[in-house]
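Structure record follows, encoded as structure tokens.
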Amino acid sequence: MDEKWEQHQRLEINYSHFVPDTTLLGPYHRGVLWVQGCCFSCEGCVAQSMQGAGGSYAAPEQLAEYFLRQPGLEGLTISGGEPFLQAEALGGMMESIRSRKDMGLIVYSGLYLEELQALAEKKSAAERFLSQIDLLIDGRYEKKLDDGRMAVGSSNQTVHLLTDRYRNCADEYYQRNGRRTEITCVGNRLRLVGVPSAEAFTLWKNLTGASGSVG
Numbered sequence: 001m002d003e004k005w006e007q008h009q010r011l012e013i014n015y016s017h018f019v020p021d022t023t024l025l026g027p028y029h030r031g032v033l034w035v036q037g038c039c040f041s042c043e044g045c046v047a048q049s050m051q052g053a054g055g056s057y058a059a060p061e062q063l064a065e066y067f068l069r070q071p072g073l074e075g076l077t078i079s080g081g082e083p084f085l086q087a088e089a090l091g092g093m094m095e096s097i098r099s100r101k102d103m104g105l106i107v108y109s110g111l112y113l114e115e116l117q118a119l120a121e122k123k124s125a126a127e128r129f130l131s132q133i134d135l136l137i138d139g140r141y142e143k144k145l146d147d148g149r150m151a152v153g154s155s156n157q158t159v160h161l162l163t164d165r166y167r168n169c170a171d172e173y174y175q176r177n178g179r180r181t182e183i184t185c186v187g188n189r190l191r192l193v194g195v196p197s198a199e200a201f202t203l204w205k206n207l208t209g210a211s212g213s214v215g
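In structure tokens, the structure reads:
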């Protein structure tokens, strides 16, 4: 992790893609940002294209401005990839957003909460980013433990309420069985948003030849 950490910390955000508005990766209407680069190689990961190098780069303030321009958003969800590999830049983006609007933050991380807390004790950027998160879904995806919950990959992953922001709606949202996905078209590429069921992912691969983006 330390080696990967040093490789990914930079002033710009290395991202795969983003969408301006969805209800499939957290309560209410929210923007979603998928970062590029991961320190895990989970079997069955639906976002394998985000594990290695690639993607695009943008300044934290540039992405902050993009999400602030979207009307009606309650918050932002960050997934990937592994967001904590870019903790410093993402923390800066959220500070820029919250200096102008009260927006919630949901983060998917392959690191367990205990690992993130240990990382935060060593890395001030990780502590800064962790302190900004309202709701965390933690843990590596384990294909054999995929239980079909809405917006959660496998049963070893836990929904942590780090603030009270989503306390009144988190159980209803994340404990539902059955998954929904949506397909968006950006330019000449299709993107699948949401945690797909096995059937939806198979259909997606048949439709796109695995050339689209999943998140």
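Each residue of the sequence shown is one higher than the one before, counting from 1 in our numbering.
Beta carbons: idealized from backbone N, C-alpha and C, even for Gly.
Here the structure is a predicted model, which is why all the values come from computation and not from measurement.
Nearest candidate by alpha-carbon position, reference residue i, set the options
i, options, result
"methionine 150", "His160, Lys143, Gly194 and Gln62", "Gly194"
"leucine 34", "Pro20, Ser16, Phe40 and Gly26", "In the sequence as presented, leucine is not what sits at residue 34; that position holds tryptophan. Checked all of Pro20, Ser16, Phe40 and Gly26; the closest Cα to tryptophan 34 is Ser16."
"histidine 29", "Val159, Glu12 and Leu76", "Leu76"
"asparagine 156", "Glu172, Leu113, Lys123 and Ala125", "Leu113"
"isoleucine 137", "Ile106, Arg98 and Ser131", "Ile106"
"glutamine 86", "Gln70, Tyr108, Leu73 and Pro71", "Tyr108"
"glycine 110", "Glu172, Thr158, Ala125 and Tyr173", "Thr158"
"aspartate 102", "Ala125, Ala64 and Ser56", "Ala64"
"glycine 26", "Cys169, Tyr57, Glu182 and Ser96", "Cys169"
"arginine 98", "Ser56, Phe129 and Gln51", "Phe129"
"phenylalanine 67", "Ser41, Gly91, Ser79 and Val32", "Val32"
"methionine 50", "Pro83, Gln175 and Pro71", "Pro83"
"alanine 59", "Lys123, Glu74, Glu12 and Gly80", "Glu12"
"glutamine 175", "Arg191, Ser154, Ala125 and Leu192", "Ser154"
"leucine 90", "Glu74, Glu115, Glu61 and Cys42", "Glu61"
"valine 152", "Asp171, Arg100 and Ser96", "Asp171"
"glutamine 132", "Cys39, Met94 and Ile183", "Met94"
"glycine 55", "Ser41, Phe40 and Gly81", "Gly81"
"leucine 73", "Gly148, Gly104 and Tyr57", "Gly104"
"glutamate 142", "Glu43, Cys39 and Leu24", "Glu43"
"histidine 160", "Glu88, Gly139 and Asp147", "Gly139"
"asparagine 177", "Leu192, Leu24 and Asp147", "Asp147"
Boundaries of the alpha helix (DSSP H) in which residue i is found, first to last residue
i, result
"tyrosine 173", "170-174"
"isoleucine 133", "Taken as a continuous stretch (DSSP letters only), isoleucine 133 belongs to no alpha helix (DSSP H), as it is neither H nor E."
"arginine 69", "60-69"
"leucine 73", "Run containing leucine 73: none; DSSP gives neither H nor E here."
"glutamine 117", "113-122"
Delimiting residues of the beta strand (DSSP E) encompassing residue i
i, result
"serine 154", "From DSSP, serine 154 is part of no beta strand (DSSP E); its letter is neither H nor E."
"leucine 33", "30-35"
"leucine 105", "104-109"
"tyrosine 15", "13-22"
Residue burial classification, residue i (beta-carbon count within 10 angstroms, cutoff 16)
i, result
"asparagine 206", "exposed"
"arginine 179", "buried"
"glycine 37", "buried"
"alanine 53", "exposed"
"lysine 144", "exposed"
"serine 71", "Per the sequence presented here, residue 71 reads as proline, with serine not at that position. Label assigned to proline 71: exposed."
"arginine 167", "exposed"
"serine 124", "exposed"
"serine 41", "exposed"
"arginine 165", "buried"
"arginine 69", "exposed"
"glutamine 191", "Contrary to the premise, residue 191 reads as arginine rather than glutamine in this sequence. Arginine 191 comes out buried."
Chain D within 8 Å of residue i, Cβ atoms only
i, result
"tyrosine 112", "Of the chains in the structure shown, none is chain D; there is only one protein chain."
Taking one C-beta from the region 114-131 and one from the region 11-26 each time, how about it: are there three or more such pairs within less than 8 Å?
no
Quick check on the DSSP output: what are the complete alpha helix (DSSP H) runs of length 4 or more inside the region 77-101, in order along the chain?
87-98
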